[in-house]
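Have a look at the structure below, then the notes.
There are 2 protein chains.
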Amino acid sequence: MDDIAHATGVSRSTVSFVLNGREDIQIPAPTRDRVRAAARELGYRPHAGAQALAKARTDLIGIVTDIVATPFAGEIIRGAQHAAWARDKFLLVVGTDGDPTRVAAAFEMLLQRRVEGIIFATQANESVTLPAAAREVPTVLVHCVSDAGDFTTILPDEEAGGALATETLIRAGHRRIGMINLDPWLRAAIPRETGYRRALATAGVAFNPRLVRVGHATAEGGYEAARELLAEVDPPTALFCANDRMAMGAYDAVKEAGLRIPGDVSVVGFDNQEIIAAFLRPALTTVALPFDTMGATAIDALCAPSFGPPAVTIVPCPLVERASVGR
Amino acid sequence: MDDIAHATGVSRSTVSFVLNGREDIQIPAPTRDRVRAAARELGYRPHAGAQALAKARTDLIGIVTDIVATPFAGEIIRGAQHAAWARDKFLLVVGTDGDPTRVAAAFEMLLQRRVEGIIFATQANESVTLPAAAREVPTVLVHCVSDAGDFTTILPDEEAGGALATETLIRAGHRRIGMINLDPWLRAAIPRETGYRRALATAGVAFNPRLVRVGHATAEGGYEAARELLAEVDPPTALFCANDRMAMGAYDAVKEAGLRIPGDVSVVGFDNQEIIAAFLRPALTTVALPFDTMGATAIDALCAPSFGPPAVTIVPCPLVERASVGR
DNA sequence: CTGAAAGCGCTAACAT
DNA sequence: ATGTTAGCGCTTTCAG
Chain A
1 MDDIAHATGV SRSTVSFVLN GREDIQIPAP TRDRVRAAAR ELGYRPHAGA
51 QALAKARTDL IGIVTDIVAT PFAGEIIRGA QHAAWARDKF LLVVGTDGDP
101 TRVAAAFEML LQRRVEGIIF ATQANESVTL PAAAREVPTV LVHCVSDAGD
151 FTTILPDEEA GGALATETLI RAGHRRIGMI NLDPWLRAAI PRETGYRRAL
201 ATAGVAFNPR LVRVGHATAE GGYEAARELL AEVDPPTALF CANDRMAMGA
251 YDAVKEAGLR IPGDVSVVGF DNQEIIAAFL RPALTTVALP FDTMGATAID
301 ALCAPSFGPP AVTIVPCPLV ERASVGR
Chain B
328 MDDIAHATGV SRSTVSFVLN GREDIQIPAP TRDRVRAAAR ELGYRPHAGA
378 QALAKARTDL IGIVTDIVAT PFAGEIIRGA QHAAWARDKF LLVVGTDGDP
428 TRVAAAFEML LQRRVEGIIF ATQANESVTL PAAAREVPTV LVHCVSDAGD
478 FTTILPDEEA GGALATETLI RAGHRRIGMI NLDPWLRAAI PRETGYRRAL
528 ATAGVAFNPR LVRVGHATAE GGYEAARELL AEVDPPTALF CANDRMAMGA
578 YDAVKEAGLR IPGDVSVVGF DNQEIIAAFL RPALTTVALP FDTMGATAID
628 ALCAPSFGPP AVTIVPCPLV ERASVGR
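Heads up: the sequence lines are chains A and B, in that order.
Going by the numbering used here, the first sequence opens with residue 1, and the numbers climb by one from there.
Going by the numbering used here, the second sequence opens with residue 328, and the numbers climb by one from there.
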């Protein structure tokens, strides 16, 4: 900046003002132009770090997550990145592999970096306990809840999602709808089934406990559960699988039984794991876990004019229609 | 720091020295202890930004990628994050959605942030052209090549991967091995097939052009190609699919033909998209695209004592053995 | 309308 | 062995 001040014959402050486009300061247009020209010629590039120091604003937001190989982490980073970029904020990401020691270290490092907020996200919808440092900076939880329950939290609307999946099947004319659920200790299992029951009740369909099985969240489990369901005396004509992996297994069972999807049995999944859902044959209609939206929502919360008291935001799970529902 | 200097009755420099653990400066142990104690009591937390300004080292590394929903971006970020953390570096991530304008903007922003290096990674192994700013900072390409070819580049060893997949099948006793390849304009298609042919040749198996088909990189394509292959007069007993999605489709075709995997036909995939490979039934043996390793390798290159002239590093693609190969 | 000057929080010669 | 001092690159108040 000194260089360009000298080159232009003005002071550093003037340079600062015009480069920051401060129209509130009266500076003749010709001067402004000269400054800008000099800046360009000299290849001036502002030093964000120095600006941050002077302004006491880093424009940095941290995101700590138990990054694993599922696309979930990628999606939430993507959503957050997008929203952050729109606000001229940058994302500092640190993965913890779920190690609590690293979580604490991550928070400490981010605080030293003077991030303006931290997003703490997990793959699985679970209960977590944050390091004390989390209270020293705006922190929002994504896809998990705090034991103490005193953090702003972004959660997917699992129950509405379960209902949506079920309604989709009902609307297609199905009444005998089987559900293959996750193991009950997975937090998402309960609300997804609650949604299923609610949709059934709303449609005036009696709930039949024989029609719900647990598939252990794996393709193998989905296969077994679907086989059982299909072996019932009056088998379901539609299956709501509480995740796409189980739906993948269910596909196998249906096909093995000589049945067609969606001709003989319709299937709806949950999670929208693109790689599975989009490429299963036929492509799987499923309820999406809106990770990108949650990531963006977290940024919005963090960047809000005033970061308010703890609140819970429930993000809807949209239906992604593909080709596995029919009739 | 001033506070702790006053509290301890020493100067700021002394505080700086002990807090930075500079043993080369002679300071009596008791003084050191007092300083550290005061720091703790006052809840002192170093300001990384100020340190960066003073030291002219930000410890920041940028990563720009066309983040999409595949787990690839997540894996490379994970690998890079890991390696960066080990070196006390932080990752600034920006996604571009493949938009060239944003790529240029991303580089500019990262340079303003004074990152010490930039990783440019793409989902698909492709040819890219980087903005001019890329020359102003150590930059390494991951999973893509530059038109000009003058950047340090990290690439997977696709050819060795193709050979590895094929050898795996050969070693299991197969001689009639079909290959379902990607569309030829996908950069990975050529080397994967070259590897296939090389492995065949090495094993003394004649190459039979009727045994290789193109599956368009989709499950549907894999299904069609597998059906054709299985309909040959002397059908293959093993299938090497150039990606896991096509393997997924191939599974369907094999099962539909009343054949078993791996009893009647063995299958090997490529990419190791965990979500597919690990949950297919039977789980798919596949060659992994080592994104995390590539990310880590990129960090290593960037952090090397002296960032050398452009070089290409080829990272091996390891075999992930699961349950689809037999005989 | 423009410039001087005082920081932002920290490091590192250079003196003492 | 410890303190003084001069920055790092930029913003911003306050005079002029």
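Glycine is no exception: its CB is placed at the ideal position from the N, C-alpha and C atoms.
Fair warning: this is a prediction, and the values are worked out from it, not measured in the lab.
Sort out for me which residues DSSP pairs residue i with in a bridge.
{"i": "Val-94 (chain A)", "result": "A:Val-64"}
{"i": "Ser-213 (chain A)", "result": "For clarity, residue 213 (chain A) is Arg in the given sequence; the question names Ser instead. BP columns for Arg-213 (chain A) point to A:Ile-180."}
{"i": "Gly-269 (chain A)", "result": "A:Thr-286"}
{"i": "Ile-119 (chain A)", "result": "A:Ile-63, A:Val-140"}
{"i": "Val-315 (chain A)", "result": "A:Pro-156"}
{"i": "Val-320 (chain A)", "result": "A:Thr-286"}
Looking at the C-beta of residue i, does it have a partner C-beta in chain B at a distance below 8 Å?
{"i": "Ala-288 (chain A)", "result": "no"}
{"i": "Phe-120 (chain A)", "result": "no"}
{"i": "Leu-19 (chain A)", "result": "no"}
{"i": "His-82 (chain A)", "result": "yes"}
{"i": "Pro-359 (chain A)", "result": "Because chain A is modelled from 1 through 327, residue 359 (chain A) falls outside the range shown and cannot be assessed."}
{"i": "Phe-270 (chain A)", "result": "no"}
{"i": "Gln-123 (chain A)", "result": "no"}
{"i": "Ile-77 (chain A)", "result": "yes"}
{"i": "Arg-45 (chain A)", "result": "yes"}
{"i": "Arg-114 (chain A)", "result": "yes"}
{"i": "Gly-249 (chain A)", "result": "yes"}
{"i": "Asp-252 (chain A)", "result": "yes"}
Can you list, in chain order, the residues of its chain with a C-beta nearer than 7 Å to that of residue i? Leave out the 5 residues immediately preceding and following it.
{"i": "Ala-288 (chain A)", "result": "Asn-272, Cys-317, Pro-318, Val-320"}
{"i": "Gly-548 (chain B)", "result": "Gly-542, Met-573, Gly-576"}
{"i": "Ala-172 (chain A)", "result": "Ser-266, Val-325, Gly-326, Arg-327"}
{"i": "Asp-234 (chain A)", "result": "Arg-176"}
{"i": "Thr-298 (chain A)", "result": "A quick correction: the sequence has Ala, not Thr, at residue 298 (chain A). Excluding positions up to five away in sequence, the list reads Ala-80, Ile-119, Val-140, Val-142, Ile-154."}
{"i": "Val-10 (chain A)", "result": "Thr-31, Val-35"}
{"i": "Arg-12 (chain A)", "result": "Met-1, Asp-2, Ala-5"}
{"i": "Phe-17 (chain A)", "result": "Ile-25, Ile-27"}
{"i": "Glu-126 (chain A)", "result": "Cys-144, Arg-187"}
{"i": "Asn-570 (chain B)", "result": "Leu-509, Ala-544, Gly-596, Phe-597, Asp-598"}
{"i": "Phe-72 (chain A)", "result": "Gln-123, Phe-291"}
{"i": "Glu-136 (chain A)", "result": "Leu-111"}
Can you find a CB in chain A that lies within less than 8 Å of the CB of residue i?
{"i": "His-514 (chain B)", "result": "According to the sequence as given, residue 514 (chain B) is Arg; it is not His. It does not: the Cβ of Arg-514 (chain B) has no partner Cβ on chain A nearer than 8 Å."}
{"i": "Ala-400 (chain B)", "result": "yes"}
{"i": "Pro-589 (chain B)", "result": "no"}
{"i": "Leu-419 (chain B)", "result": "yes"}
{"i": "Ala-546 (chain B)", "result": "yes"}
{"i": "Arg-572 (chain B)", "result": "yes"}
{"i": "Leu-438 (chain B)", "result": "yes"}
{"i": "Lys-582 (chain B)", "result": "yes"}
{"i": "Asp-474 (chain B)", "result": "no"}
Near residue i, what residues of its chain come up, given a Cβ to Cβ distance below 8 Å and the 5 sequence neighbours on each side ignored?
{"i": "Arg-322 (chain A)", "result": "Ala-277, Ala-278, Pro-282, Ala-283, Leu-284, Thr-285, Thr-286"}
{"i": "Arg-414 (chain B)", "result": "Ile-626, Cys-630"}
{"i": "Ala-219 (chain A)", "result": "Arg-245, Met-246, Met-248, Gly-249, Asp-252"}
Tell me which residues share the same chain as residue i and place their Cβ nearer than 6 Å to its Cβ, disregarding the 5 neighbours each side in the sequence.
{"i": "Tyr-550 (chain B)", "result": "Gly-576, Asp-579, Ala-580"}
{"i": "Val-532 (chain B)", "result": "Arg-502"}
{"i": "Ala-225 (chain A)", "result": "Ile-180, Arg-213, Gly-215"}
{"i": "Ala-165 (chain A)", "result": "Phe-240, Val-268, Val-287"}
Using a Cβ-based criterion (distance less than 7 Å to any ligand heavy atom), does residue i qualify as near the ligand ZN?
{"i": "Gly-653 (chain B)", "result": "Here there are no bound small molecules, and the ligand ZN is not part of this structure."}
| request: Tell me the start and end of each unbroken alpha helix (DSSP H) in the stretch 15-72 of chain A that is at least 4 residues and wholly inside, in chain order. | output: 29-41, 48-55
| Interface positions of the stretch 223-239 of chain A facing chain B (Cβ-Cβ less than 9 Å), listed along the chain | Tyr-223
| request: Return the residues of the stretch 375-397 of chain B that lie within a Cβ-Cβ distance of less than 7 Å from chain A, sorted by chain order. | output: Ala-375, Gly-376, Ala-377, Ala-379, Leu-380, Thr-385, Ile-394, Ala-396, Thr-397
| said: Report the start-end ranges of each alpha helix (DSSP H) in the stretch 448-482 of chain B that is 4 residues or longer and not cut off at the edges. | reply: none
| query | Hey, which unbroken runs of the beta strand (DSSP E) at 3 residues or more fall wholly within the stretch 514-593 of chain B? | reply | 539-541, 565-568
| message | Any C-beta of chain A within less than 8 Å: which residues of the stretch 601-630 of chain B qualify? | response | Glu-601, Ile-602, Ile-603, Phe-606, Leu-607, Arg-608
| said: To be precise: take each residue of the stretch 94-109 of chain A, compare its Cβ to all Cβ atoms of chain B, and keep it if any distance is under 9 Å. Which residues remain? | reply: Val-94, Gly-95, Asp-97, Arg-102, Ala-105, Ala-106, Glu-108, Met-109
| query | Which of the residues in the stretch 497-513 of chain B, read from start to end, lie with their CB under 9 Å from any CB of chain A? | reply | none
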